[in-house]
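Enquirer: Numbering (my numbering), first residue to last: 52 to 211.
Backbone N, C-alpha and C fix where the C-beta goes; we use that ideal spot for every residue, glycine too.
Below you will find the structure I want to go over with you.
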């Protein structure tokens, strides 16, 4: 993911328009395919409580990697929509693991990414969404700062 996906994927309208017709980015497709293969192998080799522990750890690491990677870009509306599509694919993948804690994290990640497409007037309401209730407010604010219109819409004047 870190090598396949570069900044233009989310910030450059021309690059994003080429990708809009698909369900997710190429990097996401590669990661999901790899994860499905890995989890299949893990389920063959591990069972019981160990399986839950391994899948929970894998989910935590995946979440942290995607969160860190996501925060390295700024997003226009089209790029943010592609990000939402990617996160939906990750959610589908993780949901099949049966690890509720991990799925909740990806629900929150989806809600954070949604802050990138919400019209500025609706940001306060979106930031107080139930899905973001357990998310650190600094993280919420850092996602708002990833918007391409952060300065032009004067979003910096409000602390979400």
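In angstroms, rounded to a whole number, what distance separates the CA positions of residue 83 and residue 133?
Expert: If I take the Cα positions, the gap works out to 15 Å.
Enquirer: Here's the rule I'm using: 16 or more other beta-carbon atoms within 10 Å means buried, otherwise exposed. How should residue 190 be labelled?
Expert: By the neighbour-count rule (16 or more Cβ atoms within 10 Å), residue 190 is not buried but exposed.
Enquirer: Alpha carbon to alpha carbon, how far is residue 112 from residue 172?
Expert: One C-alpha to the other measures close to 34 Å.
Enquirer: What is the DSSP secondary structure of residue 92, reduced to helix, strand or coil?
Expert: Reduced to three states, the DSSP call for residue 92 is helix.
Enquirer: In three-state terms, what does DSSP make of residue 198?
Expert: Residue 198 falls in the strand class under three-state DSSP.
Enquirer: With DSSP as the reference, label residue 206 as helix, strand or coil.
Expert: Here residue 206 sits in helix by DSSP.
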